[in-house]
DNA sequence: TTGCTTCTTGTCAGGCCGACAACTACGGTC
DNA sequence: GACCGTAGTTGTCGGCCTGACAAGAAGCAA
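Residue numbers (the numbering used here), protein chains in the order written: chain A, 139 to 372; chain B, 139 to 372.
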């Protein structure tokens with residue numbers, strides 16, 4: 139029933155955890171402590187445990203390697219990378235990559251398996267990661283940009299309560315373009331089932347200017363939006 | 139370096155091959171010849187070979203089990219299913235599901251591993267497949283519907299040359315709704331970089347009515363369209 | 001020729017979008 | 001306190017796309 143002719147695999151999970159820091163899209167990377175690629179930067183990840191769900195493994199590795207707990211963290215499977223030569227080690231290793239989004243926080247600390255963990259602007263990670271992690275990052279970035287159009291994922295980049303201007307900042311950072319504040323405001327307020335006003339208002343981030351109304355996001359991060367929000371030429 | 143504590147996996151590929159037959163969305167299923175689920179219907183698929191790319195394994199299994207050759211066949215990774223209990227056998231089996239689209243043809247024949255292969259309307263496959271293949275089919279269906287909006291995938295359901303009415307039939311079958319012929323015509327002709335006229339025209343399928351202009355599709359099946367084609371309320 | 005079918009083009013009202021102006025509500029400065 | 005700068009919010013307007021529907025074009029059948 140299990141013939142020896144079927145090859146044996148190891149299965150890992152990798153996590154592309156994205157956040158927005160000062161208007162820049164950043165990704166969490168760890169410095170590898172073990173061979174192969176010891177000392178190189180890589181995406182957090184590791185081997186899937188016995189009887190463990192794939193997404194649970196991703197969440198666990200994130201905690202172990204970076205100390206980031208999955209509270210308020212949106213995590214979804216991205217794509218599986220299984221090229222025969224993607225790992226130098228004797229057995230074949232297939233990696234199920236995950237896309238994660240979280241509000242930015244200075245909590246990235248070294249865990250057990252990794253010597254160091256830090257946030258890096260995705261634009262500055264050009265060809266520098268271990269394994270095929272550059273390709274995984276590219277895929278994640280494209281997926282995130284696309285998910286912003288038709289899901290509520292943008293809110294996962296922010297704390298539970300936020301202003302429309304902050305949300306606009308997320309779209310601008312991920313899409314890499316400037317958006318008209320007025321039109322964005324109108325569009326988001328009209329988008330049914332996405333935002334809910336808390337009634338509060340807060341000073342703008344710069345300290346100057348009119349206070350902004352505070353909102354909460356409705357629904358689940360990866361849940362589809364009634365009407366998409368386009369990046370066409372915004 | 140490879141510690142024995144890491145669990146060992148088998149990796150399989152499964153293919154959800156979709157087509158449109160007489161206005162109905164159909165999926166290719168095979169009858170299993172071996173345990174587990176011997177005699178039950180399942181998606182074509184099998185174990186990934188040594189040194190074999192995942193998508194190549196999917197294409198190979200399709201040929202072996204159904205005789206369908208990947209000529210004019212659009213194939214892309216869909217999602218990986220790896221729940222610990224998804225396979226009854228001793229070792230854990232992770233399956234990398236693929237979405238395939240092909241013009242309908244009566245070529246589904248039994249291969250080596252499967253006793254029988256046939257096209258079944260997706261609406262009639264309610265809870266009847268082996269393993270977690272029902273969930274995989276659901277995922278594929280949703281993905282295909284979504285891909286029709288913003289890629290050129292619809293053309294992969296048809297032979298190289300086709301009419302706009304045939305293309306409309308694809309959208310109607312996959313989305314499960316009727317589309318206004320006039321508006322669809324205008325929309326598709328305006329959609330730059332999708333269709334190219336061959337200059338020919340053919341009789342409509344029914345034999346009656348005005349002949350239709352024949353088109354060819356430009357670009358790759360999973361390549362993004364300049365402007366999306368919405369299913370909102372068409 | 002007439003009728004029927006299907007593809008194709010036309011019309012038109014309504015809605016959404018992008019560009020941009022105007023207004024509002026603060027803090028800071030003289 | 002008057003003024004100014006900034007940022008959030010609302011308003012305006014022309015253009016484009018959409019959906020509903022009508023009309024024309026090109027074949028087949030009786």
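In this text, a Cβ means the ideal position worked out from N, Cα and C, and glycines have one as well. In this text the structure is predicted, and so the values were computed from the model without any measurement.
Would you list the one or two residues that DSSP bridges to residue i?
i	result
residue 301 of chain A	A/352
residue 231 of chain B	B/148
residue 313 of chain B	DSSP output for residue 313 of chain B lists no bridge partner at all.
residue 259 of chain B	B/164
residue 159 of chain B	B/162
residue 186 of chain B	Paired residues: none, contrary to the question.
residue 291 of chain A	According to DSSP, which records beta bridges pairwise, residue 291 of chain A is partnered with nothing at all.
residue 180 of chain A	A/168
residue 276 of chain A	Paired residues: none, contrary to the question.
residue 237 of chain A	A/154 and A/214
residue 254 of chain A	A/169
residue 267 of chain B	B/179
What residues of chain A sit near residue i, judged by a beta carbon separation below 7 angstroms?
i	result
residue 232 of chain B	149
Going along the chain, which residues of the stretch 143 to 158 of chain A sit with their C-beta nearer than 8 angstroms to a C-beta in chain B? 144, 145, 146, 147, 148 and 149
The stretch 177 to 209 of chain A: positions lying closer than 8 angstroms to chain B by Cβ: 185, 186, 187, 188, 189, 190, 191 and 192
Closer than 8 angstroms is the cut-off here; do at least three beta carbon pairs connect the stretch 288 to 296 of chain A with the stretch 185 to 204 of chain A? no
Residues of the stretch 309 to 325 of chain A with a CB closer than 8 angstroms to any CB of chain B: list them in chain order, please. none
Determine which residues of the stretch 282 to 295 of chain B have a Cβ less than 9 angstroms from any Cβ of chain A, and write them out in chain order. 284 and 288
What are the residues of the stretch 208 to 226 of chain A that lie near chain B, defined by any Cβ-Cβ distance shorter than 8 angstroms? 215, 217, 218, 220, 221 and 222
Runs of beta strand (DSSP E) wholly within the stretch 193 to 224 of chain A (minimum 3 residues, chain order): 212 to 219
If contact is defined by three or more beta carbon pairs under 8 angstroms, each pair taking one atom from either stretch, is the stretch 327 to 336 of chain A in contact with the stretch 358 to 368 of chain A? yes
Answer yes if the stretch 220 to 231 of chain A comes into contact with the stretch 142 to 157 of chain A, meaning at least three C-beta pairs across the two stretches below 8 angstroms, and no otherwise. yes
Taking one C-beta from the stretch 189 to 197 of chain A and one from the stretch 207 to 218 of chain A each time, how about it: are there three or more such pairs within less than 8 angstroms? yes
With contact counted as at least three CB pairs below 8 angstroms, one residue from each stretch, are the stretch 156 to 168 of chain A and the stretch 160 to 170 of chain B in contact? no
Pick out the complete beta strand (DSSP E) segments inside the stretch 321 to 365 of chain B, 3 residues or longer, and give them in chain order. 333 to 340 and 350 to 355
Pairs of beta-carbons, one from the stretch 178 to 189 of chain B and one from the stretch 305 to 316 of chain B, closer than 8 angstroms: are there three or more? no
Can we say the stretch 338 to 353 of chain A touches the stretch 266 to 278 of chain A, given the rule of at least three CB pairs closer than 8 angstroms? no
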